Amino acid sequence: MDVTTLISVVDTVVSQPAGMVADAGISGKDVIEAGALIGAGICMGFGAIGPGIGEGFAAGKACEAIGRAPQEAGLLTRTMLIGQAVSESTGIYSLVVALLMLFVVGA
Amino acid sequence: MFEFEPHTWELLGRYLGAGIALGFGGIGAAIGMGNAAAQASHGMMRQPAVQGEMLRTMLIGQAVGSSPSIFALVLGLIILFVPAQVVVGGSFCAALVGGGLAIGFGALGSGLGCGWPAGHACDGVARNPGNSSNVTQSMIIGQAVAQSPSIFALVIGLILVFRQSPGTDALAMGIALGAGLSIGVSALGSGIGSGRTAGGAVDGISCWPQSYGTTLRTMLVGQAVCETPAIFGMLVAFIMMFALQDMDTGLIGFAKVFGAAVAVGFGGIGPGIGSGLAAGSGCAATAAKPRHDTLILRTMLIGQAVSQSTAIYALIISLTLLYVL
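Pasting the structure below:
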């Protein structure tokens, strides 16, 4: 369903006389824009939880390993950074989708 | 948007706000204190001869660890009984609920966090009774730093509850709810992370008492990095309350403010906990190998910095919502 169809559907729903939202003079377009704005927040907020914890987990294990084998510090730091970069990818997806919602859908 | 009588709004705000404050604010401290008691019981089984020492450590740890829930109790009572300074309506209700959200989630994280150092300290006294003063000292320092996210949340909560948001539109409601949500939920992550860091440090100090000073330094650096998401949350809360310009006062303004709060609030949970996992292991490793402390500290800081990146993305999205759009 494309955006214009969605707007017309929401317009029909909220323009019912009994609707509380319609009384306050809010159009379907406003509801969709508000949804995109809050959705961007939810997308980035919840999307940041996983990468944050995952990267911390990798960093913790790297610190433990360097404590045990300090001569391998270079190798361990490199491995940690590669693992964290992969773990970061879902955070970047969230950022991209949030920016899309703010500047493409919401606009 | 909704039409209720002032009395309905007032009671709705007081009951919801106080319920959220105490309902969530009690969870963390209760689990944390239970963890301390569990470790103390386990320790007394192993070393019945030093049970007095262990009881003392447990009680100190529980006393410090329960203060976030006392903050929640105090703010909850204020929410129930604070006199209304403004025309009572939706935004008065939202200010009280926002105060409850701030301290409820903020106290949850710090209370849970303070349980780890207390538990490891009881365990450490059982393992090495001769070292109990160092262990107790590091526990108290670690717990004190882990409290700070809940103190940030208390400050924002008090401002919300006493200022009671001037304005009666949807934007004023959004600001009150959003300021509470952004500091409360981001303080949740920072509190848990700081507690994990202190737990790792106390565990390490109890095993290797000679590396007390080095481990304490690593712990304080690690905890400071863990506080970053809570500071972002507090920054966004202050911006919302005092520095917003030219906002739509209807649904769109509400959506912008609420979206910004959800982004920076929930976006702070992961980086806070993740930095704590990194720093906890870093502190334990430093205690075991104090000779390699700079190497471990460097790795720990790189790891924490990468883990913070998603909190920075969340901050960018919320500032975009507040200022660019």
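Top line first, the protein sequences correspond to chains A and B.
Read left to right, the first sequence gives residues 1 to 107 (the working numbering).
Read left to right, the second sequence gives residues 1001 to 1325 (the working numbering).
C-beta: ideal position from N, C-alpha, C; glycine also.
Since the structure is predicted, the reported quantities are computational estimates derived from the model, not experimental observations.
Any chain A beta carbon closer than 9 Å to residue i
i, result
"B:Ser-1318", "yes"
"B:Gly-1142", "no"
"B:Gly-1028", "no"
"B:Ala-1314", "yes"
"B:Thr-1057", "no"
"B:Gln-1304", "yes"
"B:Ala-1121", "no"
"B:Met-1300", "yes"
"B:Ala-1018", "no"
"B:Phe-1258", "yes"
"B:Leu-1075", "no"
"B:Phe-1254", "yes"
"B:Leu-1022", "no"
"B:Thr-1286", "yes"
"B:Leu-1251", "yes"
"B:Gly-1193", "yes"
Cβ-heavy atom distance, residue i to the ligand FMN, below 8 Å
i, result
"B:Gly-1272", "The ligand FMN is not part of the structure shown, which contains no ligands of any sort."
When the options are compared against residue i, the one with the closest alpha-carbon
i, options, result
"B:Ala-1305", "B:Pro-1229, B:Ile-1205, B:Pro-1068 and B:Ile-1192", "B:Pro-1229"
"B:Glu-1227", "B:Ile-1183, B:Leu-1216, B:Ala-1201 and B:Val-1064", "B:Ile-1183"
"B:Val-1356", "B:Gly-1089, B:Cys-1093 and B:Gly-1100", "The displayed coordinates of chain B run from 1001 to 1325. Any statement about residue 1356 of chain B would go beyond what the structure contains."
"B:Arg-1196", "A:Leu-100, A:Gly-47 and A:Ile-53", "A:Ile-53"
"B:Ala-1278", "B:Gly-1267, B:Met-1300 and B:Arg-1014", "B:Met-1300"
"B:Gly-1337", "B:Gln-1051, B:Ala-1237, B:Ser-1307 and B:His-1007", "Chain B is shown from 1001 up to 1325; residue 1337 of chain B falls before or after that span and cannot be answered."
"B:Gln-1164", "B:Ile-1316, B:Gly-1268 and B:Ser-1091", "B:Ser-1091"
"B:Ile-1312", "B:Arg-1291, B:Pro-1290, B:Gly-1282 and B:Gly-1270", "B:Gly-1270"
"B:Met-1054", "B:Ala-1126, B:Ala-1144 and B:Gly-1157", "B:Ala-1126"
"B:Leu-1011", "B:Arg-1046, B:Val-1088 and B:Phe-1024", "B:Val-1088"
"B:Gln-1085", "B:Leu-1315, B:Leu-1160 and B:Met-1219", "B:Leu-1160"
"A:Asp-30", "B:Arg-1298, B:Cys-1283 and B:Leu-1251", "B:Leu-1251"
"B:Ala-1094", "B:Tyr-1212, B:Arg-1291 and B:Arg-1014", "B:Arg-1014"
"B:His-1120", "B:Gln-1308, B:Gly-1268, B:Ala-1018 and B:His-1042", "B:His-1042"
"B:Ala-1260", "B:Ser-1133, B:Ile-1031 and B:Ser-1318", "B:Ser-1318"
Same chain, Cβ closer than 8 Å to residue i, neighbours up to 5 away in sequence not counted
i, result
"A:Ala-58", "Met-80, Gly-83, Gln-84 and Ser-87"
"B:Leu-1325", "Lys-1256"
"B:Ile-1020", "Val-1097, Gly-1100, Leu-1101 and Gly-1104"
"A:Ala-48", "Gly-91 and Ser-94"
Proximal residues of chain B, C-beta to C-beta of residue i below 7 Å
i, result
"A:Lys-29", "What A:Lys-29 touches in chain B: nothing, since even the nearest Cβ is about 10 Å away."
"A:Ile-42", "Val-1262"
"A:Ile-49", "Phe-1266, Ile-1269 and Gly-1270"
Assumed close pair residue i, residue j - CB separation to whole angstroms, cut-off 8 Å
i, j, result
"B:Val-1097", "A:Gly-45", "Between A:Gly-45 and B:Val-1097 the Cβ distance is about 19 Å, and since that is not below 8 Å, they are no contact."
"B:Ser-1275", "B:Gly-1233", "Rounded, the Cβ-Cβ distance is 14 Å, inconsistent with contact."
"B:Ile-1302", "A:Thr-77", "7 Å"
"B:Thr-1214", "B:Thr-1310", "Between B:Thr-1310 and B:Thr-1214 the Cβ distance is about 30 Å, and since that is not below 8 Å, they are no contact."
"B:Pro-1117", "B:Gly-1199", "5 Å"
"B:Gly-1253", "B:Gly-1174", "6 Å"
"B:Asn-1131", "B:Pro-1048", "Not really, about 18 Å apart at Cβ, beyond 8 Å."
"B:Gly-1167", "B:Gly-1272", "The Cβ separation is near 32 Å, so there is no contact."
"B:Ser-1281", "A:Cys-43", "Going by Cβ atoms, the distance from B:Ser-1281 to A:Cys-43 rounds to 30 Å, so no, they are not a contact pair."
"A:Ala-69", "B:Leu-1321", "Contact doesn't hold; Cβ gap of about 46 Å is too wide."
Cutoff 6 Å; reference residue i; Cβ partners in own chain excluding five residues on either side
i, result
"B:Gly-1026", "Ser-1069"
"A:Gly-19", "Because A:Gly-19 carries a pLDDT of 39, less than 50, the predicted location of this residue cannot be relied on, and the following value inherits that uncertainty. Here the set comprises nothing."
"B:Met-1241", "Ala-1179"
Closer than 9 Å at the beta carbon, the chain B residues around residue i
i, result
"A:Leu-95", "Thr-1310, Tyr-1313, Ala-1314, Ile-1316 and Ile-1317"
"A:Gly-52", "Gly-1189, Pro-1229, Gly-1267, Gly-1268, Ile-1269, Gly-1270, Pro-1271, Gly-1272, Ile-1273, Gly-1274, Ser-1275, Ser-1307, Gln-1308, Ser-1309, Thr-1310 and Ala-1311"
"A:Ile-32", "By Cβ distance, chain B contributes nothing, its closest Cβ being about 10 Å from A:Ile-32, past 9 Å."
Under 8 Å from the C-beta of residue i: neighbouring residues of chain A
i, result
"B:Arg-1112", "Note that residue 1112 of chain B corresponds to Leu in the displayed sequence, not to Arg. The contacting residues do not exist; B:Leu-1112 stays about 15 Å from chain A at best."
"B:Gly-1280", "Gly-60"
"B:Leu-1321", "Leu-37, Ala-40, Gly-41 and Leu-102"
Under 9 Å from the C-beta of residue i: neighbouring residues of chain A
i, result
"B:Leu-1108", "Correct list: empty, because the minimum Cβ distance to chain A is about 15 Å."
"B:His-1326", "This structure leaves residue 1326 of chain B out entirely; chain B is present only between 1001 and 1325."
Closer than 7 Å at the beta carbon, the chain A residues around residue i
i, result
"B:Leu-1177", "Here the premise fails: no neighbours, minimum Cβ distance about 12 Å."
"B:Leu-1295", "Ile-66, Pro-70 and Ala-73"
7 Å CB neighbourhood of residue i in its chain, flanking five on each side removed
i, result
"A:Gly-66", "Contrary to the premise, residue 66 of chain A reads as Ile rather than Gly in this sequence. Closer than 7 Å at Cβ, skipping near neighbours: Ala-73 and Leu-76."
"B:Met-1033", "Gln-1062, Gly-1065, Ser-1066 and Gly-1115"
"A:Gly-50", "Thr-90"
"B:Ala-1284", "Gly-1200, Asp-1203 and Gly-1204"
"B:Leu-1108", "Phe-1024, Gly-1025, Ile-1027, Gly-1028 and Leu-1188"
Proximity test, Cβ basis, 9 Å: residue i and chain B
i, result
"A:Thr-77", "yes"
"A:Ile-92", "yes"
"A:Ala-22", "For A:Ala-22, the predicted structure reports a pLDDT of 44, less than 50, and the residue's modelled location is therefore unreliable. A value from the coordinates is still provided. Answer no: the Cβ-Cβ gap between A:Ala-22 and chain B never drops below 9 Å."
"A:Ile-82", "no"
"A:Val-86", "no"
Amino acids of chain B, ordered along the chain, whose beta-carbon sits closer than 8 Å to that of residue i
i, result
"A:Leu-100", "The contacting residues do not exist; A:Leu-100 stays about 11 Å from chain B at best."
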